[in-house]
Every structure is written in C-alpha cells, then in structure tokens.
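Numbering (mature numbering (1 follows the signal peptide of the UniProt record, and there is no 0)), first residue to last: -35 to -1, 1 to 157. One structure is given here, and the rest of the page talks about it.
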C-alpha cells in the first residue's frame, strides 16, 4: 500500500508537470500564432471603417496648431519682458489639453499651474477670466469647478466665433497685467 501511495504521488507529480508543460506550450503557441499571423492585416482591413459612422452622429472641431500656440506664448512672454514682468504663459486647446507652456526666467513656481488653469477657464467659458470673476458675485460656486481659476489673466482664442484655445498668463503683480500679456499672445493669431 505504501508503494502504491508513492507511485500515485509520483504519477500525480509527473502528470501535473506534463499538463503544465502542455498548457505552457499551447499558450506560447497561441501567442506566437496570433502575433505572427500573416492574415492579420487582412482582418484589420475587414473591420468596420471609421467612415461607417453616420455624419449626423459626429461633429467636427477646429484646433489651434502647436506652431500657433508657440507663437502666441512667445508673444505673451515677450510683452511681459518688455514691461519687466516675470510670467508663465500657457496655451491650452478647446478641451483644456496643454499645447504650450513657457515659464519666464525667475518666475514663481505657482505661476505654472495658475497659467494653465486660467487658460482652461477662458477656453471653457469662451470669455476672458476677468469677466468671469464678476460672475462669482452672483454665482460663487463657479469657483468650485475642478481645474478652473477665476482670476484675471486668461483669454479665449476663437476661430469663426468658436473657441479653439485659451491663453493664460500668471506671475505679474495683477490679473489686469496678466490679461494684457495674454491678449498680446492672442493678437498674433489674428489674421491681417
């Protein structure tokens, strides 16, 4: 009986090892086969094309290019330097994604996030943040919206009346100065 138990235990160990090896080989083979299947591009081509979505179920948006964002940020930073001010300039797209940030020499660390939040606020509301500050008097809970900052210094950028970006400036001694520099950045984007 003891010999039978040892044999059974040994058989179980051997069987378990064989099963594990077979499963491992099968998994490896399946992964290898999937990774190098020659007809994979054919399957990708037979998937539903993006154009299958009805036009009525989509909308098109316009976005500021990275080059335009960089030009605007440079212009805002230059205007601040000419006034002897140290600022950070942020340009965000319509969705609040940062496109460009320029942090001037010697500017405080808090200005980076403040500039981004001002830009986001201006783009979200399609209004200068100095105007939005006035709305807080009648609706103080606006300031509780995540990611926003209701201080002067943010201006929207529009194309054909539709907001496409926001420019935020932070670091000058007042929101009015920050907004002046943000407007200088937006001015380089206007057509002649």
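Quick reminder that beta carbons are idealized off the backbone N, C-alpha and C, glycines included.
List the whole-angstrom C-beta distance separating residue i from residue j, where the pair is believed to meet the contact cut-off of C-beta under 8 angstroms.
{"i": "residue 117", "j": "residue 144", "result": "5 angstroms"}
{"i": "residue 85", "j": "residue 127", "result": "That belief does not hold up - the Cβ atoms of residue 85 and residue 127 are roughly 17 angstroms apart, past 8 angstroms."}
{"i": "residue 67", "j": "residue 42", "result": "5 angstroms"}
Tell me the DSSP secondary structure of residue i in three-state form.
{"i": "residue 58", "result": "strand"}
{"i": "residue 118", "result": "coil"}
{"i": "residue 69", "result": "coil"}
{"i": "residue 105", "result": "helix"}
{"i": "residue 137", "result": "coil"}
{"i": "residue 150", "result": "helix"}
{"i": "residue 124", "result": "strand"}
{"i": "residue 19", "result": "coil"}
{"i": "residue 129", "result": "strand"}
{"i": "residue 86", "result": "helix"}
{"i": "residue -5", "result": "Residue confidence is low: residue -5 scores 44 on pLDDT, short of 50, so the model does not pin down where it sits. Its coordinate-derived value is still stated next. Looking at residue -5 - three-state DSSP - the assignment turns out to be helix."}
Using a Cβ-Cβ cut-off of 6 angstroms (strictly less than) and excluding sequence neighbours within five positions of residue i, which residues of its own chain qualify?
{"i": "residue 76", "result": "53, 135, 136"}
{"i": "residue 35", "result": "65"}
{"i": "residue 44", "result": "146, 149"}
{"i": "residue 69", "result": "42, 51, 52"}
Whole angstroms is fine: what's the gap from residue i's alpha carbon to residue j's?
{"i": "residue 142", "j": "residue 23", "result": "40 angstroms"}
{"i": "residue 51", "j": "residue 130", "result": "23 angstroms"}
{"i": "residue 152", "j": "residue 37", "result": "8 angstroms"}
{"i": "residue 33", "j": "residue 154", "result": "7 angstroms"}
{"i": "residue 61", "j": "residue 30", "result": "14 angstroms"}
{"i": "residue 56", "j": "residue 132", "result": "5 angstroms"}
{"i": "residue 111", "j": "residue 17", "result": "36 angstroms"}
{"i": "residue 21", "j": "residue 74", "result": "46 angstroms"}
{"i": "residue 78", "j": "residue 107", "result": "18 angstroms"}
Please classify residue i as buried or exposed, where buried requires at least 16 other C-beta atoms within 10 Å of its C-beta.
{"i": "residue 119", "result": "buried"}
{"i": "residue 72", "result": "buried"}
{"i": "residue 48", "result": "exposed"}
{"i": "residue 101", "result": "exposed"}
{"i": "residue 40", "result": "buried"}
{"i": "residue 25", "result": "exposed"}
Within a Cβ cutoff of 7 angstroms, which residues of the same chain sit near residue i, ignoring the five residues on either side of it in sequence?
{"i": "residue 92", "result": "121"}
{"i": "residue 59", "result": "26, 28, 88, 128, 129, 130"}
What residues in its chain sit with their C-beta under 8 angstroms from that of residue i, if we drop five residues either side in the sequence?
{"i": "residue 94", "result": "83, 86, 87, 114, 115, 116, 117, 118, 119, 120, 133, 140, 144"}
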